[in-house]
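Residue numbers (the working numbering): 636 to 815.
Yeah, the Cβ is synthetic: ideal placement off N, Cα and C, and Gly gets one too.
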Amino acid sequence: METQASDGARRDSRRYQLALRLMTHQARTGTIFAMTSLSRHQQEALRQRWGVAENTRRRGPSPTSLGRFTHSPRARSEGAVLAVFCRIYGLLRLGTPAGVSRRKLLTLEFGERLCDTYEAYRGCFPWSKFEIEELLSFAIEIAKNEVIGLGRCESCSGTVIMDRLAPHRPACAHCQPTER
């Protein structure tokens with residue numbers, strides 16, 4: 636009985652730690668709820684207790700556009716690096732079935748990996764301006780490999796993000812430096 640109680644306490648602790656990390660990264664309330672099951676009221680109480688400033692909180696729907704990763708050669712190259720980080724931190728599961736709902740993917744473990752990936756990438760590339768929720772959409776879509784995926788530069792065969800719906804092969808930032 637004690638083991639079950641300690642497992643529950645450990646899981647609650649992980650939920651609160653993940654909520655704090657997501658709040659620090661300015662994740663929206665719905666995203667935090669999806670991964671931690673903490674209600675809007677619980678999140679508000681935690682924000683107040685932890686002193687999270689109200690003006691740092693993002694509002695509105697989460698970004699879902701993947702254009703940020705495909706709009707230029709530099710974006711495609713940076714997206715490829717981000718995909719490597721996703722793979723290293725276990726966030727990217729290639730071949731995620733298309734029928735699996737986004738809600739089922741958003742678990743506590745997935746949220747922890749999401750934060751680990753985001754923190755590591757931002758540690759290496761502090762100038763990057765993408766949001767944690769953009770990383771979330773990116774990782775899910777790269778794993779599905781339907782709309783965007785990893786491809787090769789048309790000139791040098793370097794790895795880039797490619798728009799699967801585009802009519803031509805993409806170029807990397809090194810082969811088309813004028814489009815940065």
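What residues in its chain sit with their C-beta under 6 Å from that of D647, if we drop five residues either side in the sequence? none
CB contact flag (A774, R711, <9 Å): Contact: no.
Spatial distance of R709 from L673 (CA atoms): 37 Å
Should F704 and I783 be called a contact, given that it needs their Cβ atoms to be closer than 9 Å? The criterion of a C-beta distance shorter than 9 Å is satisfied by F704 and I783.
Applying the 10 Å Cβ sphere with the 16-neighbour rule, what's the burial state of E713? buried
With H, G and I counted as helix, E and B as strand and the rest as coil, what does DSSP make of V795? strand
Whose C-beta lies closer than 6 Å to the C-beta of C810 among residues of the same chain, with five residues either side of it excluded? C788, S790, C791
Test item: CB-CB of M670 and G725 under 9 Å: no
Go to R787, then tell me how far its beta strand (DSSP E) extends in each direction, as first and last residue. 783–787
So, with DSSP's three-state summary, where would you put N690? helix
Among R682, E754, Q652, whose alpha-carbon lies nearest the alpha-carbon of L717? E754
Looking only at its chain, what residues have a beta carbon closer than 8 Å to the beta carbon of S763, apart from the 5 residues adjacent to it on each side? E713, Y756, R757
Given the structure, does R663 come close to the ligand GDP, in the sense that its CB is under 8 Å from one of the ligand's heavy atoms? For the structure depicted, the ligand GDP is absent and the ligand set is empty, with no information on it obtainable.
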